[in-house]
Amino acid sequence: MRAPYVGMADRVLIIDDDEQLVEAYRDYLSDAGYQVDCAQELEEAQTLLDYFTYSVVVTDLRLSKLEFGGLEVIKHIREHSLPTRIIVLTAYGWPELKAEASSSGADTFLRKPTRLKELGAAVGLLMGAEA
Amino acid sequence: MKKTILETILNPRTLSVCFQPIFRVKDGSRQVDSLEALIRGPRHSNFSRADILFDYVRRKRAEAEVDQSCLIAICEAAVDLPQDMRLNVNVHASTLGHRSGFVDIFRREAKKRSLAFERFTLEIVEHAPTCNIPELSNSIAELRSSGVRIALDDVGLGQSNYRMMLDCAPDYFKVDAYFVRGLAEDSKRRAVIESLVALANALGSAVVAEAPGSEEDICQLLKLGVELMQANILCAAMPVQELQRLGLVGKPNASAATVAENRVMPELEYRRLHAQMAAGHTIYT
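See the structure below:
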C-alpha cells in the first residue's frame, strides 16, 4: 500500500524487534516522504536518539528482551528533553500500562496489529501534516 | 531473523578500516611516523560513523568483543601496508583489564598475517570510570614484553587522567583535540599543552597532538616542543589504497628506502587536500 506523499523530510524512528513489521512501516513512511531510521533494540534506539533529531518516534512497548522497553524509550526522550513526539504500539490492552506510558510522555497509542494507513495518519497528525 | 547491529559488527568483514597518518613535523618536513587505524561501521547505516558505533557498543557493554572484531579487521587491512609501517590500534582499557583474552587474540591474529608485534602501538581509550587496574597493568606488561608500545588516548579528558598516566606508563600522550585546536589564539590552551609536554618529558613519554586546526596551531606546537601531529589538515583518514595513491605509504613489499622516500607528503597533494579541507569538503571521513 502506498502512502500519500507529504513532501517533507521529517525524520522518523521506528523501534520494534519484529523485522517484517519494521520493514513494512519503513517502506510505507519512506514512500510518504519521511526520512526513516529503524532500531530493533533499546540501546540502538537510545544511541540514535542521542545523535539525530527525530520529529516522531514509533515504538513498540515490548522490545525483545525487555518487556516494557518502550517505556524506557519514552523515558529517554523525555529525560533528554528531546523535541520528539511519541507513538506507542502495543498488543496489550491493559489500561494501567497505557496510563503509565501516557504519564511518561507518550502522545499517541495504536493497538497492534496496526494498519499502515492508520500509522501514517498518526505520524502525519503529529508532524502537523496532512496524512 | 535479521541480525542486530551488534551481531553485525561482531563480524569483522562488516567493518571497514581507514588509516590516518601521524606526522613527524620537523625542520620543515612532514614525514609519516605511523598510521592510526580507524574503524567505520557497516556502510550505508547510521553506524558507519565511529562515534555513533562506539557509543552504541559502550551502551551494550560489548567493548571487549567489538575491540576483538575491530582488531581482526585492522590486521586484515594492515596486510596491504609496508612491513615496517608502524600502526596504532585503539583498545578500551576495560578490554585489557577484564581477562578478555585480547592479548592472546592480538598475538594470534598478528602472527597469522606475519605482522610484527613491534610495529604496533595500542592506544588505550576508556569512557567508563571503573577498570580493573591490576589486570590492565598485567596486560600492558605482557604487550610491552612483546615489543608493543602504549599510547594513552584523549589525554586531558575523561578517564585519560593522571592515574592512567602512572598506571599505563604510556610511550605516547595523545593530547585531545579540545586542548590542541585553536591553541595559537589561546594562551590557556598553550599553558595546558606546555604542562603536558613537561609532564611527558618527565615520565619519558612523547606527545602527539590531535587535530591542530591551522598552520598557526602547528607552528605553536613546534615551539612548544611537539613534533608528532595527527590532523585532517595534514591528512584525513582514508583507506590504504588512497594513502598509497597519494604516495604517503608504499606497497606491502616496498623496500625500506622506497617507503622512507614516500613518507614525505608531496607538497602538491598536501596543498590540494588542505584546500579541500579549507573549502569544507569532507575527505574520506
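Protein sequences appear in the order of chains W and V.
Each residue of the first sequence is one higher than the last, beginning at 1 in our numbering.
Each residue of the second sequence is one higher than the last, beginning at 1 in our numbering.
Don't be surprised by glycine CBs; every beta carbon is placed ideally from N, CA and C.
(1) Applying a beta-carbon distance threshold of less than 8 Å, which residues of chain W neighbour lysine 60(V)?
(2) Counting only C-beta atoms, is threonine 47(W) closer than 7 Å to chain V at any point?
(3) Leaving aside the five residues before and after isoleucine 218(V) along the sequence, list all residues of the same chain whose C-beta is less than 7 Å from its C-beta, in chain order.
(4) Tell me the DSSP secondary structure of arginine 144(V) in three-state form.
(5) Taking Cβ positions only, does glutamine 40(W) come closer than 7 Å to chain V?
(6) Looking at C-beta atoms only, is the number of pairs between the region 94 to 110 of chain V and the region 35 to 48 of chain V that lie closer than 8 Å three or more?
(7) Is the separation between the beta-carbon of valine 88(W) and that of isoleucine 15(W) shorter than 7 Å?
(8) Is there at least one Cβ from chain W nearer than 7 Å to tyrosine 56(V)'s Cβ?
(9) Quick one: give me the first and last residue of the alpha helix (DSSP H) that glutamine 244(V) is part of.
(10) Which residues in the same chain have their Cβ closer than 6 Å to the Cβ of glycine 69(W), if we skip the five residues on either side of it in sequence?
(11) Can you say whether valine 79(V) is buried or exposed, counting buried as having 16 or more other CB atoms within 10 angstroms of its CB?
(12) Would you verify that the beta carbon of tyrosine 34(W) is, or is not, closer than 7 Å to some beta carbon of chain V?
(13) Is it buried or exposed for aspartate 176(V), if we count other Cβ within 10 angstroms and need 16 for buried?
(14) Checking contacts by CB at 7 Å: is tyrosine 25(W) closer than that to chain V?
(15) Just verifying my parser: in three-state terms, what is the DSSP assignment at asparagine 90(V)?
(16) Could you tell me the alpha carbon to alpha carbon distance between alanine 50(V) and leucine 166(V), rounded to whole angstroms?
(17) My output table needs one value for lysine 60(V): the three-state DSSP class, helix, strand or coil.
(18) Go ahead and pull the three-state DSSP assignment for glutamine 46(W).
(19) From the DSSP secondary-structure annotation, give me the bridge partner or partners of lysine 26(V).
(20) What do you get for valine 17(V), buried or exposed, if any count of 16 or more other CB atoms within 10 angstroms of its CB means buried?
(21) Which residues, in order along the region 32 to 51 of chain V, keep a beta-carbon less than 7 Å from a beta-carbon of chain W?
(22) Answer yes or no: does any C-beta atom of chain V fall closer than 7 Å to that of glutamate 100(W)?
(23) Write down the C-beta distance between isoleucine 74(V) and phenylalanine 47(V) rounded to the nearest angstrom, noting that I regard them as a contact closer than 8 Å.
(24) How would you call asparagine 90(V), buried or exposed, if buried means at least 16 neighbouring beta carbons within 10 angstroms?
(25) I want to verify the contact list: residues of chain V whose CB lies under 9 Å from the CB of tyrosine 92(W), in sequence order.
(26) I need the straight-line Cα distance from leucine 122(V) to aspartate 104(V), nearest angstrom please.
(27) Taking only three categories from DSSP, how would you classify arginine 11(W)?
(28) Could you check if leucine 35(V) belongs to the surroundings of the ligand GDP, using beta carbon to heavy atom distance under 6 Å?
(29) Inspect the CB distances between the region 17 to 32 of chain W and the region 107 to 123 of chain W and report whether three or more fall short of 8 Å.
(30) To the nearest angstrom, report how far apart leucine 110(W) and arginine 85(W) are at their CA atoms.
With the structure as the only source:
(1) Within the second sequence, numbered from 1, the residue matching residue 60(V) stands at position 60. What lysine 60(V) touches in chain W: Glu43.
(2) Here the question's residue 47(W) lines up with position 47 in the first sequence. By this cut-off, threonine 47(W) is an interface position.
(3) As a working note, residue 218(V) is residue 218 in the second sequence. Closer than 7 Å at the Cβ level, and outside the excluded window around isoleucine 218(V), lie Val25, Pro212 and Met229.
(4) Looking up residue 144(V) in the second sequence gives position 144. Residue state, collapsed to three classes: helix.
(5) As a first step, residue 40(W) is located in the first sequence; it is residue number 40 there, counting from the start. True, the Cβ-Cβ gap to chain V drops below 7 Å.
(6) no
(7) Translated into the one-based positions of the first sequence, residue 88(W) becomes position 88. Translated into the one-based positions of the first sequence, residue 15(W) becomes position 15. The answer is no: Cβ separation not under 7 Å.
(8) Reading the second sequence from its first residue, position 56 is the one you call residue 56(V). For tyrosine 56(V), the answer is yes, since a Cβ of chain W falls inside 7 Å of its Cβ.
(9) Locating residue 244(V) in the second sequence gives position 244, where the first residue counts as 1. Per DSSP, glutamine 244(V) belongs to the alpha helix (DSSP H) from 240 to 245.
(10) As a working mapping, residue 69(W) is identified with position 69 in the first sequence. Contacts found: Leu42 and Leu63.
(11) For this step, residue 79(V) is matched to residue 79 along the second sequence. Its Cβ having fewer than 16 others within 10 Å, valine 79(V) is exposed.
(12) Position 34 of the first sequence, counted from the start, is the residue given in the question as residue 34(W). Chain V contact via Cβ: absent.
(13) Translated into the one-based positions of the second sequence, residue 176(V) becomes position 176. By the 10 Å Cβ count, aspartate 176(V) comes out buried.
(14) Along the first sequence, read from residue 1 onward, the residue named residue 25(W) stands at position 25. By this cut-off, tyrosine 25(W) is not an interface position.
(15) Looking up residue 90(V) in the second sequence gives position 90. Here asparagine 90(V) sits in strand by DSSP.
(16) The residue given as residue 50(V) occupies position 50 in the second sequence. The residue given as residue 166(V) occupies position 166 in the second sequence. Approximately 28 Å, taken between the alpha carbons.
(17) The residue you call residue 60(V) lines up with position 60 of the second sequence. Note: lysine 60(V) maps to coil in three-state DSSP.
(18) Taking the first residue of the first sequence as position 1, residue 46(W) is located at position 46. In the structure shown, glutamine 46(W) sits in a helix (DSSP, three-state: H, G or I).
(19) Reading the second sequence from its first residue, position 26 is the one you call residue 26(V). According to DSSP, which records beta bridges pairwise, lysine 26(V) is partnered with Ser29(V).
(20) For this step, residue 17(V) is matched to residue 17 along the second sequence. So valine 17(V) counts as buried.
(21) Asn46
(22) By one-based count along the first sequence, residue 100(W) stands at place 100. Chain V contact via Cβ: absent.
(23) What you label residue 74(V) is simply residue 74 of the second sequence in a count that begins at 1. What you label residue 47(V) is simply residue 47 of the second sequence in a count that begins at 1. Between phenylalanine 47(V) and isoleucine 74(V) the Cβ distance is about 17 Å, and since that is not below 8 Å, they are no contact.
(24) Sequence index remark: in the second sequence, residue 90(V) carries index 90 (1-based). When all chains shown are included, asparagine 90(V) counts as buried.
(25) As a position in the first sequence, residue 92(W) is number 92, starting the count at 1. Per Cβ cutoff of 9 Å: no residues; tyrosine 92(W) is ~22 Å from chain V at best.
(26) The residue you call residue 122(V) lines up with position 122 of the second sequence. The residue you call residue 104(V) lines up with position 104 of the second sequence. Taking the straight line joining both Cα atoms gives about 14 Å.
(27) Numbered from 1 along the first sequence, position 11 holds the residue referred to as residue 11(W). If DSSP states are grouped into helix, strand and coil, arginine 11(W) belongs with the strands.
(28) In the structure on display, the ligand GDP does not appear, and there are no ligands present to speak of.
(29) yes
(30) For this step, residue 110(W) is matched to residue 110 along the first sequence. For this step, residue 85(W) is matched to residue 85 along the first sequence. Their backbone Cα atoms lie some 14 Å apart in a straight line.
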